[in-house]
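Here the working numbering is used: position 213 in the sequence shown is 895, and no number is missing along the way. Beta carbons: idealized from backbone N, C-alpha and C, even for Gly. Here the structure is a predicted model, which means the values were calculated and not measured.
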Amino acid sequence: MKNSDCRHLYIENLGCAKNQVDAEVMAKILSSDGWVLTDDAAEADLILVNTCGFIESAREESINTFFELRDLNPKAKVIVTGCLSQRYGKELSEQLPEADGIFGNRDLSQISDFVKHLEGSRQTELLVPEYPDPDAESYQRDRLFNFPGSAYLKISEGCNHRCGFCAIPIIRGPLRSRPKAAILDEARTLAGRNIKEINLIAQDLAAYGTDWDGKSHFLELLSDITAIEGDFKVRLLYIHPDAFPFELLDMIKTNGKILPYFDIPIQHASVKLLRPMKRMGDAKTYSDLVAKIREALPESVIRTTIMLGFPGEEESDFEEVYDFVKKNRFNWMGSFVYSLEEGTYAYGLTDEETHKALSKVAAKRQKKLQKLQERISSEILASFVGKEYDVLIEELIQGEDLAIGRFWGQAPEVDGLTVVMGRDMVPGNVYRCGITKVNGIDLEAVKL
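Printed below as a string of structure tokens:
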């Protein structure tokens, strides 16, 4: 039963892990004003739809989700937050009168005053603030929206790479590294909360600090994070392939807290497409990168992302990237069809009609590439059968002696899972398990 003395807040988070951190920060700020988080949108007095604006399909999902929640709970105040609001705030305020508010994602501390202002307003309010001083930013979080035992830790905002297809610098701005002391304070807090897996996130982790003096301070930061006391591992999510710090490999060899897991979105293998993407490598360069990682760390797990349908892609280009994926046998691979993004370099390389035609072809190519990758992932996973690994349990399967979790080679949300048979398991805890079987791109295991 709903407590009439409480004001209930529901947050629907869409998009990437960086968006999730923003949602967690806004939840903390609003909870300080007396708002109580609820998992039921129907009972909420205030709903935040934390949107993604990266590609067209994400924008469509964001708008559809808004209307679903608006229809579900007509009495609630509904605010559209996140990347879509940051990028298209003025347009949304004019074209989405059903929204009570449009709030950007740069100065999250202003969400509190924005909500208070909203309470007496009958029109769609708009606030797209700029970033505050870095030392004034707050990243305090109470409730984490991950499964227990895992957390994301954002080390920077924005990006300076300016890839030809990417709207992130338009949405999030240029690279803006967080003060190291603030990151370390947050890491200590997470370690003190019994977090077993700290996932470092940024548009490019290795670029950390280059906005200060042109030099990367990432390895120094990583060393300081892993020096914090606590039983936790650190996962690195996203390193740009053109700026990979090879010194990192030696650090991982000697530092047991850093997982040998590499998320390196390569995007393509055809030079004809990589150059207008503003990527400097080629199939050989990126294959050599993969080989060097595996030579230094034979147990490493490598994930990449491939983009299909970029302007000018022909069958020969697809065959090249198909062979590239086949040769390098990535543990995990995600793919997506190129989205025509206004304001990016690639936007001027094609027209809407040509783009739509190529997108249809790219969608078919994507299915073929994903089928190849699923076979590769399944074959690689077979090498884990018969071995023992620590598994972080995420949730229990009700009514059965089963739980769902991940071993270190599976990143949250994007990779396969490990189904564990056993009793007396607690979500958020780590258990030693024996791997017994591969099921598609998932593993099956028994608690030891």
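Cutoff 8 angstroms; reference I850; Cβ partners in own chain excluding five residues on either side = The residue you call residue 850 lines up with position 168 of the sequence shown. The residues are F736, G840, C841, Q885.
Secondary structure of E981, DSSP reduced to three states | Translated into positions along the sequence shown, residue 981 becomes position 299. E981: coil per DSSP, three-state reduction.
To the nearest angstrom, report how far apart A873 and W717 are at their CA atoms.
-> In the sequence shown, counting from the first residue as 1, residue 873 sits at position 191. In the sequence shown, counting from the first residue as 1, residue 717 sits at position 35. Their backbone Cα atoms lie some 26 angstroms apart in a straight line.
Would you list the residues sitting across from W1014 in a DSSP beta bridge?
-> Position 332 of the sequence shown holds residue 1014. R985.
Reference N1010; option with closest CA among K1042, G1030, H799, T967 = As a working mapping, residue 1010 is identified with position 328 in the sequence shown. Of the listed residues, the one whose Cα sits closest to N1010 is T967.
Under 9 angstroms between the Cβ atoms of L979 and K935?
-> As a position in the sequence shown, residue 979 is number 297, starting the count at 1. As a position in the sequence shown, residue 935 is number 253, starting the count at 1. It is a contact, given that the beta carbons lie within the stated cut-off.
Quick one: what does DSSP say W717 is sitting in, helix, strand or coil?
-> Here residue 717 refers to the residue found at position 35 when the sequence shown is read from its first residue. In this structure, W717 counts as strand in the three-state DSSP scheme.
Please state if the CB of A1085 and the CB of E1077 are separated by a distance shorter than 9 angstroms.
-> Position 395 of the sequence shown, counted from the start, is the residue given in the question as residue 1077. Position 403 of the sequence shown, counted from the start, is the residue given in the question as residue 1085. Yes.
In the DSSP assignment, find the beta strand (DSSP E) that holds C1115 and state where it starts and stops.
-> On the sequence shown, residue 1115 is found 433 positions in, with the first residue counted as 1. Element bounds for C1115: 1112-1121.
Do you know how far the Cα of Q1092 is from the Cα of L1051?
-> As a position in the sequence shown, residue 1051 is number 369, starting the count at 1. As a position in the sequence shown, residue 1092 is number 410, starting the count at 1. Cα to Cα, L1051 sits roughly 20 angstroms from Q1092.
If we count the other Cβ atoms within 10 Å of its Cβ and call it buried at 16 or more, is K684 buried or exposed?
-> Taking the sequence shown and counting its residues from 1, the one referred to as residue 684 is at position 2. Note that K684 scores a pLDDT of 47, beneath 50, so its modelled location is shaky; the value from the coordinates is reported in the next line. Exposed is the call here.
Could you say if the region 1014-1032 and the region 977-997 meet the contact criterion of at least three C-beta pairs nearer than 8 angstroms?
-> yes
Which of helix, strand or coil DSSP assigns to Q1080 = The residue given as residue 1080 occupies position 398 in the sequence shown. In this structure, Q1080 counts as coil in the three-state DSSP scheme.
For the region 708-763, which segments carrying the alpha helix (DSSP H) assignment without a break, of at least 4 residues, lie completely within its bounds, in sequence order?
-> 738-754
Starting from the Cα of A833, find the closest Cα among G938, G786, P861, D704 and give me that residue.
-> Here residue 833 refers to the residue found at position 151 of the sequence shown. Among G938, G786, P861, D704, the Cα nearest to that of A833 is on D704.
Neighbourhood of E631 by C-beta, 6 angstroms cutoff - its chain only, sequence neighbours within 5 removed = It is not possible to answer for residue 631, since the shown part of the chain is limited to 683 through 1130.
C-alpha gap between V1112 and M933, whole angstroms = Locating residue 1112 in the sequence shown gives position 430, where the first residue counts as 1. Locating residue 933 in the sequence shown gives position 251, where the first residue counts as 1. Straight-line Cα distance between these residues: approximately 24 angstroms.
Mind listing, in chain order, the continuous beta strand (DSSP E) runs of no fewer than 3 residues lying wholly within the region 857-883?
-> 879-883
Look at the alpha carbon of R689 and the alpha carbon of Q792, and state the distance between them as a whole number of angstroms.
-> Along the sequence shown, read from residue 1 onward, the residue named residue 689 stands at position 7. Along the sequence shown, read from residue 1 onward, the residue named residue 792 stands at position 110. One C-alpha to the other measures close to 19 angstroms.
Out of D945, G963, I921, point me to the one whose CA is closest to V953's CA.
-> Within the sequence shown, numbered from 1, the residue matching residue 953 stands at position 271. The shortest C-alpha separation from V953 is found at G963.
Alpha helix (DSSP H) segment containing E1035, residue limits | For the purposes of this step, residue 1035 is taken as the residue at position 353 of the sequence shown. Unbroken alpha helix (DSSP H) run through E1035: 1034-1063.
State yes or no: is the C-beta of I837 within less than 9 angstroms of the C-beta of I883?
-> Numbered from 1 along the sequence shown, position 155 holds the residue referred to as residue 837. Numbered from 1 along the sequence shown, position 201 holds the residue referred to as residue 883. A contact, by the Cβ cut-off of 9 angstroms.
Contact between the region 897-911 and the region 856-865 (3+ Cβ pairs under 8 angstroms) | yes
Neighbourhood of P927 by C-beta distance below 8 angstroms, restricted to the same chain and skipping five residues each side | Start at 1 with the first residue of the sequence shown, and residue 927 comes out as number 245. Correct list, in chain order: A888, S898, F900, L901, I921.
Measure how close the beta-carbons of E995 and L1040 come, nearest whole angstrom, since I'm counting them as under 8 angstroms.
-> The sequence position of residue 995 within the sequence shown is 313, counting from 1. The sequence position of residue 1040 within the sequence shown is 358, counting from 1. Contact flag correct, Cβ pair sits at about 7 angstroms.
Considering only residues of the same chain and omitting the five flanking positions on each side of A740, which have a CB-CB separation below 6 angstroms?
-> Translated into positions along the sequence shown, residue 740 becomes position 58. Counting only Cβ-Cβ distances below 6 angstroms, and skipping sequence neighbours, we find C734.
Per the contact definition of three or more C-beta pairs closer than 8 angstroms, is the region 719-727 in contact with the region 997-1006?
-> no
Within the same chain, show all residues whose beta-carbon is closer than 6 angstroms to that of T806, passing over the 5 residues directly before and after it, in chain order.
-> Walking along the sequence shown from the start, residue 806 turns up at place 124. Contacts found: S775, P779, A781.
By Cβ distance, which residues of its chain are closer than 7 angstroms to R823, with the 5 residues on each side in sequence left out?
-> Residue numbering aside, residue 823 sits at position 141 when the sequence shown is read from its first letter. Closer than 7 angstroms at Cβ, skipping near neighbours: E706, V707, K710.
Is N646 near N746, with beta carbons less than 9 angstroms apart?
-> The displayed coordinates of the chain run from 683 to 1130. Any statement about residue 646 would go beyond what the structure contains.
Counterpart residues of E995 in DSSP-defined beta bridges | Counted from its first residue, the sequence shown places residue 995 at position 313. DSSP lists no partner for E995.
Among residues of its own chain, excluding the 5 on either side of L1054, which ones have a beta-carbon nearer than 8 angstroms to its beta-carbon?
-> Counting from one through the sequence shown, the residue named residue 1054 turns up at place 372. Result list for L1054: Y1004, V1007, K1008, in chain order.
Could you have a look at K798 and say whether DSSP puts it in helix, strand or coil?
-> What you label residue 798 is simply residue 116 of the sequence shown in a count that begins at 1. Here K798 sits in helix by DSSP.
With a Cβ-Cβ cutoff of 9 angstroms, do N937 and V983 count as a contact?
-> Numbered from its first residue, the sequence shown carries residue 937 at position 255. Numbered from its first residue, the sequence shown carries residue 983 at position 301. Against a cut-off of 9 angstroms, the Cβ pair of V983 and N937 comes out as no contact.
Closer than 9 angstroms, CB to CB, is A1085 near chain B or not?
-> As a matter of chain content, chain B is missing from the structure shown, which is built from one protein chain.
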